[in-house]
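S.K.: So that we are looking at the same thing, I have put the structure below in structure tokens.
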Amino acid sequence: MKLLDIENLTARYNASDVLKGISFSVEEGEIVALLGANGAGKSTTLRAISGLVPHVSGGLRLGDTSLLGLHTEAIVRLGVSHVPEGRRVFPGLTVEENIILGASNRKGLQKAVLMREVDEKFELFPDLVRLRHTLGWKLSGGQLQMVAVARGLMAKPRLLLLDEPSLGLAPIVVQQVFDIVTEIRRQGTTVLLVEQNANIALSIADRGYVLETGKLLVQGTPAELWGNSQIREAYLGGASAA
Amino acid sequence: MAMFLQLLFTGMGIGAVYALVSLGFVLLICAANIVNFAQGDFAMLGAYLLVLGLNVFSLPYPVAIVLTILLMAIFGVLFAGATYWPLRFRGALPVIISTIGAQIFLENIVLYLYGPVPQVLPGVFNSPGFTVGGVFMDSQYLTILATASLLVLLQYLVFEKTLLGKKIQATNQDKEMASLLGIPVVFMILLTFAYSAALGAVAGVLVGPILFVSVGMGGSIALKAFAANIIGGYGSIPGAIVGGLLLGVAETFGAAYISVPYKDAFAFLIVLAFLAVRPQGLFGEKVAEKA
Ligand SMILES: Nc1ncnc2c1ncn2[C@@H]1O[C@H](COP(=O)(O)OP(=O)(O)O)[C@@H](O)[C@H]1O
Ligand SMILES: [Mg+2]
């Protein structure tokens, strides 16, 4: 069943369209990678889903619900959790407070349940345990990414949007983060993953789409995408298939 | 010694009023990145509402005070709707200009309704006060100090110990991210405006019986509150409190030992000294970037 269904979606911030009519879908339980060069419109796609782009038209549905015209906060309450580019961890709040606030979309959540789930996140990211009461601005890039993902998961999302989780991280940390994304999916969360690093993204994705200046160029399984030599050269960072 | 303590007591009392207005000022800087020139008018309106409640409607003092603060909290939301909301995507300057407009508007409305003659407010307690060790503890100054301390404590607890406080802080730090987490950002901002106006009203209600209630009182309190903000550190909450107290004490001592007519000048001398020597203020934050 399609969890996210996008049809002929256009989006713009001001005069010119950044997304020029893209269509794709994400099935329940999948990891789908959205690839493309810098400026292709990957982040804009995620921002359009989350209601952060002022002018959006076309079809945009989560399950049976159209997200078009809804406020960001309403979209989050429907179960879309967006871990944006740059992590955006609150600098003046502690790691624990950041993670707790991730559940702000869930009304009437009991304190005991909330804290149990927070503890689960620290089990998922053991590196964060000793940083529990550290302020956000003191964290390294990898730690920020872990907090951002942990916070995003607190929303109990049906769909998790991840924007370039590998950006600026050391390879070993990238691997750690992606192991966790795989684990998140295993636990039943659907993931739409935006990456410039096609290698790592396609290593865990079920399917991928390649975006070029606001249009979808091609789609397929990782094997199919690696098999397309033109695509491989132009968009997947050369022949360095994993 | 008794003279020194007496001046300290009086200075802290008036400083607490500056601190409350300065606090409201800082909260709006944090929540909406606006410098609210009408902040002092929240105090002025609060004082006039109390005059209205007591003198025109003959309400009992506690009822009149509670009503005044509630009405001013609601007024804070309306104020946000008029000055901040329509201009919120246009950057800081247009909103600042619109608060200047609001200041002129509010002061002239009150001038039209009440005229230029200052109004008199009775103190909270009938008893004038008592003497301890040669220091006269004026009941109104005591009330000011107690109320301000309580409010500061309460605010600290709400901001640091509750989920609501964390959501307000998150909103202040990154509005878009806060909304991505499902935090009702608009509600948090309006709540801050309501609270900021209520703080101003408390200050006005408390200082009303000490000064005369006049149209110009808002402007002079706002200037002191802004000065307190510079001394404490622009946008700093502890800075607003400490800066306000410091300013109140400094101008009281200045008036007593140096010159009464130049009382107001001391505030600005201190500000100039800080700007020259420690521009980031006591609890320094990045002044240059924000100003
Ligand atoms: N807030 C914005 N306002 C105006 N234009 C924007 C904004 N954000 C992105 N753009 C433009 O949209 C295009 C796509 O950007 P983006 O979606 O961030 O690409 P990607 O994430 O693939 O690198 C770029 O040309 C960029 O300049
Ligand atoms: Mg991007």
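So the protein lines, in turn, are chains H and C.
In terms of my numbering, the first sequence is numbered consecutively and its last residue is 242.
In terms of my numbering, the second sequence is numbered consecutively and its last residue is 1291.
Note that CB positions come from ideal geometry on N, CA and C, so glycine has one too.
Quick check on this structure: which residue in V1124(C), Q1140(C) and P1184(C) has the alpha carbon closest to the alpha carbon of K107(H)?
M.R.: P1184(C)
S.K.: Please report the straight-line C-alpha distance between L1181(C) and E120(H), rounded to a whole angstrom.
M.R.: 19 Å
S.K.: Using 10 angstroms around the beta-carbon of L1153(C), count the other beta-carbons present and answer buried if the total reaches 16, otherwise exposed.
M.R.: It is exposed - the Cβ of L1153(C) has fewer than 16 other Cβ atoms within 10 Å.
S.K.: Using three-state DSSP, classify R116(H) as helix, strand or coil.
M.R.: helix
S.K.: Could you give the C-beta distance for A1016(C) and G1248(C), rounded to a whole number, given that I count them as a contact under 8 Å?
M.R.: 7 Å
S.K.: Is there a C-beta anywhere in chain C that falls below 7 Å from the one on L162(H)?
M.R.: no
S.K.: Put V1135(C) into one of helix, strand or coil per three-state DSSP.
M.R.: strand
S.K.: Give me, in chain order, the residues of the same chain whose beta-carbon lies closer than 6 Å to that of G59(H); leave out the 5 immediate sequence neighbours on both sides.
M.R.: E7
S.K.: Going by DSSP, what residue range makes up the beta strand (DSSP E) through V129(H)?
M.R.: Taken as a continuous stretch (DSSP letters only), V129(H) belongs to no beta strand (DSSP E), as it is neither H nor E.
S.K.: At 7 Å on the CB atoms, spell out the chain C contacts of T72(H), in chain order.
M.R.: S1179 and L1180
S.K.: Determine which residues of the region 1156-1179 of chain C have a Cβ less than 9 Å from any Cβ of chain H, and write them out in chain order.
M.R.: L1163, K1166, K1167, Q1169, A1170, N1172, Q1173, D1174, E1176, M1177, A1178 and S1179
S.K.: Would you tell me roughly how many angstroms separate the C-alpha atoms of P250(H) and G79(H), rounded to the nearest one?
M.R.: Residue coverage of chain H in this structure runs from 1 to 242, which leaves residue 250(H) outside it and unanswerable.
S.K.: Is the beta carbon of S43(H) within less than 6 Å of some heavy atom of ligand 2?
M.R.: yes
S.K.: On a CA-only basis, which of L217(H), T94(H) and W226(H) is nearest N199(H)? Give me that one, please.
M.R.: W226(H)
S.K.: Of all the alpha helix (DSSP H) runs that stay within the bounds of the region 1166-1236 of chain C, which reach a length of 4 or more residues?
M.R.: 1175-1180, 1185-1207 and 1217-1232
S.K.: When the cut-off is 7 Å and only beta carbons count, does P1184(C) lie next to chain H?
M.R.: Yes, contact with chain H.
S.K.: Quick check on this structure: which residue in I22(H), L109(H), V18(H) and V26(H) has the alpha carbon closest to the alpha carbon of A205(H)?
M.R.: Here the closest residue by C-alpha is V26(H).
S.K.: Relative to the C-alpha of S16(H), which candidate in G142(H), A201(H), L35(H) and G41(H) has its C-alpha closest?
M.R.: G41(H)
S.K.: Could you confirm whether any beta carbon from chain C is found closer than 7 Å to the beta carbon of S104(H)?
M.R.: yes
S.K.: What is the rounded straight-line gap between the Cα of V181(H) and the Cα of M115(H)?
M.R.: One C-alpha to the other measures close to 22 Å.
S.K.: Does E85(H) have its Cβ less than 7 Å from a Cβ in chain C?
M.R.: Closer than 7 Å: no.
S.K.: Out of curiosity, what's the CA-to-CA distance linking L135(H) and C1030(C)?
M.R.: Roughly 18 Å between the two C-alpha positions.
S.K.: Determine the direct distance from the alpha carbon of S66(H) to that of V210(H), and round the result to whole angstroms.
M.R.: 24 Å
S.K.: Within the 7 Å Cβ cut-off, does G214(H) reach chain C?
M.R.: No, its Cβ sits nowhere closer than 7 Å to a Cβ of chain C.
S.K.: Quick one: which unbroken alpha helix (DSSP H) runs of 4-plus residues sit fully inside the region 157-239 of chain H? Chain order, please.
M.R.: 171-186, 198-204, 222-227 and 229-235
S.K.: Along the alpha helix (DSSP H) that carries I1258(C), what are the first and last residues, could you check?
M.R.: Counting along the chain, I1258(C) falls outside any alpha helix (DSSP H), and DSSP gives it neither H nor E.
S.K.: Whose C-beta lies closer than 7 Å to the C-beta of A1228(C) among residues of the same chain, with five residues either side of it excluded?
M.R.: Y1018, A1019, S1022, A1240, G1243, G1244 and L1247
S.K.: Pick out whichever of I1237(C), T1099(C) and Y1262(C) has its Cα sitting closest to the Cα of T1083(C).
M.R.: T1099(C)
S.K.: On the three-state DSSP scale, how would you describe V1021(C)?
M.R.: Assigned with DSSP and collapsed to three states, V1021(C) falls in helix.
S.K.: What residues of chain C sit near H82(H), judged by a beta carbon separation below 7 Å?
M.R.: L1180
S.K.: Could you please give me the residues that DSSP links to S25(H) through a beta bridge?
M.R.: Residue pairing of S25(H) in beta bridges, as defined by DSSP: D5(H).
S.K.: Report the neighbours of G92(H) on chain C: residues whose CB is nearer than 7 Å to its CB, in chain order.
M.R.: Q1169 and Q1173
S.K.: So which residues on chain C does Q88(H) lean against when the C-beta distance must stay under 7 Å?
M.R.: The amino acid occupying residue 88(H) in the given sequence is Arg; Gln does not appear at that position. Those are D1174 and M1177, listed as they occur along chain C.
S.K.: Shorter than 6 Å, the distance from the beta carbon of E85(H) to the closest heavy atom of ligand 2, or not?
M.R.: yes
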